[in-house]
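Below you'll find the structure, written out as structure tokens, and then a few comments.
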Amino acid sequence: MQLFRLAHLSDPHLQPPAGALQPADFVSKRLLSAIAWRRKGREHQPQVLNALTADIAAYAPDHIALTGDLTNFSTEAEFAAARAWLKTLGPASDITLSPGNHDALVARNAPDSFAPWREWMEDPGDTAFPAVRRRGPVALVNLCSATPTAPWLATGRLGEAQLARLATILGQLRQEGLFRVLMIHHPPASGVVSKRKSLEDAPALRALLKNQGAELVLHGHAHEAAVSTLPGPSGAIAVLGVPSASAAGHGKHPPARWHGIEIDPGQQKMRVVARGLSPQTGAFEPLGSYLLDTAQG
Numbered sequence: 330m331q332l333f334r335l336a337h338l339s340d341p342h343l344q345p346p347a348g349a350l351q352p353a354d355f356v357s358k359r360l361l362s363a364i365a366w367r368r369k370g371r372e373h374q375p376q377v378l379n380a381l382t383a384d385i386a387a388y389a390p391d392h393i394a395l396t397g398d399l400t401n402f403s404t405e406a407e408f409a410a411a412r413a414w415l416k417t418l419g420p421a422s423d424i425t426l427s428p429g430n431h432d433a434l435v436a437r438n439a440p441d442s443f444a445p446w447r448e449w450m451e452d453p454g455d456t457a458f459p460a461v462r463r464r465g466p467v468a469l470v471n472l473c474s475a476t477p478t479a480p481w482l483a484t485g486r487l488g489e490a491q492l493a494r495l496a497t498i499l500g501q502l503r504q505e506g507l508f509r510v511l512m513i514h515h516p517p518a519s520g521v522v523s524k525r526k527s528l529e530d531a532p533a534l535r536a537l538l539k540n541q542g543a544e545l546v547l548h549g550h551a552h553e554a555a556v557s558t559l560p561g562p563s564g565a566i567a568v569l570g571v572p573s574a575s576a577a578g579h580g581k582h583p584p585a586r587w588h589g590i591e592i593d594p595g596q597q598k599m600r601v602v603a604r605g606l607s608p609q610t611g612a613f614e615p616l617g618s619y620l621l622d623t624a625q626g
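If you want it as structure tokens, here you go:
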């Protein structure tokens, strides 16, 4: 069976367009994010993101997985700008987007239910998360952990309804014999991020996965390369995270990186190819690769 090539990137934090923030936004949590952006914004460089997406295009993946935080303040202007950027990556049917906490920073004056991005989140007929996108031998199960939170918090939550649907979906996809890839912004494994940035119902998700299983979980949010595992019904489930796709590497987090995940469903194996920004050359270079055997955990 032919390999299925999946490219994973996350947290591009696109530059806010002119007029993204209005005076009324400064009486909300957006003020705190605007102050933080003045300090962190220079770390997120458009030329880095452009180089990363060009590197992905050269890899010619079958599908792209994007795990959130396209915006910084969740304003309508940012959603429109992000929609235009998403169109540059390729057809919406070839890209799956799971929203991040910055994409749900504040509900006021933000698009309802991420409306401008729905065609990148789900196929026609889906009306709620988790959304399932079947692509050849792979099923991308798109979760949404993005929800508005109190100031100083960047936590996420799935909620009971989404978790209940997920249990049913994973069982069905297992019966179909598909390679199940879960996408979520917040890391589900313990210790990857601090409590104020964590997934609040991660224990419930971990218990569900221990029972129903999955072949791979992809996340963002940490702005770090992360390799974790979660218990599954027949072995460990690999959990992979990547740094910000636009990070220049001048701050406390590593420079931009993306992963090519080459899935061989017939053998229940996948090879992860890591490519990262060289601050010296400004080009993306191979960082190494490793093989994961999902049949052996």
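First residue of the sequence shown: 330, per our numbering; consecutive thereafter.
Where is the CB? At the ideal position from N, CA and C, for every residue including glycine.
All values derive from a computational prediction rather than experimental measurement.
In whole angstroms, what separates the C-alpha of residue i from that of residue j?
i: PRO684; j: GLY348; result: Past the boundaries of the shown model lies residue 684; the chain is included only from 330 to 626, so the question cannot be answered.
i: VAL602; j: PRO517; result: 22 Å
i: THR425; j: VAL470; result: 9 Å
i: ALA436; j: GLU529; result: 19 Å
i: LEU495; j: HIS392; result: 22 Å
i: LEU537; j: THR610; result: 44 Å
i: ALA353; j: LEU487; result: 29 Å
i: PRO390; j: LEU507; result: 18 Å
i: PRO560; j: ARG509; result: 15 Å
i: LEU378; j: SER575; result: 5 Å
i: ARG447; j: PHE355; result: 28 Å
i: GLN504; j: LYS539; result: 17 Å
i: MET512; j: GLN351; result: 32 Å
i: SER403; j: HIS550; result: 16 Å
i: PRO477; j: LEU434; result: 5 Å
i: PRO445; j: GLY580; result: 31 Å
i: GLY617; j: TYR388; result: 15 Å
i: ARG604; j: GLY570; result: 13 Å
i: GLN331; j: VAL461; result: 22 Å
Considering Cα atoms alone, identify which of the options is closest to residue i.
i: THR456; options: GLN491, GLY520, GLU505 and LEU338; result: GLN491
i: GLN374; options: HIS588, TYR619, GLU614 and SER573; result: SER573
i: ILE498; options: VAL521, THR484 and LEU472; result: LEU472
i: HIS342; options: SER523, LYS369 and SER357; result: LYS369
i: ALA493; options: LEU534, VAL521 and ALA468; result: LEU534
i: GLU544; options: GLU553, LEU606, ARG371 and GLU591; result: GLU591
i: ALA483; options: GLN541, ALA439 and ASP432; result: ASP432
Mark residue i as exposed unless 16 or more other C-beta atoms lie within 10 angstroms of its C-beta, in which case mark it buried.
i: TRP481; result: exposed
i: GLY429; result: buried
i: ARG463; result: exposed
i: PRO532; result: exposed
i: PRO345; result: buried
i: LEU395; result: buried
i: LEU361; result: exposed
i: ASP441; result: exposed
i: PRO459; result: buried
With DSSP as the reference, identify every bridge partner of residue i, one or two as the case may be.
i: GLU614; result: GLY605
i: TRP587; result: ARG604
i: TYR388; result: None, per the DSSP bridge assignment.
i: ASP593; result: LYS598
i: ARG525; result: The partner list for ARG525 (beta bridge, DSSP) is empty, contrary to what the question assumes.
i: ALA336; result: ILE393 and GLY589
i: LEU343; result: According to DSSP, which records beta bridges pairwise, LEU343 is partnered with nothing at all.
i: ASP622; result: LYS598
i: PRO560; result: ALA565
message: Check whether the region 353-372 and the region 557-564 are in contact - that is, three or more C-beta pairs closer than 8 Å.
response: no
message: Below 8 Å, how does it come out for the region 585-593 and the region 382-394: are there three or more Cβ pairs, yes or no?
response: yes
- request: Take every Cβ of the region 613-626, pair it with every Cβ of the region 404-421, and state whether three or more of those distances are shorter than 8 Å.
  value: no
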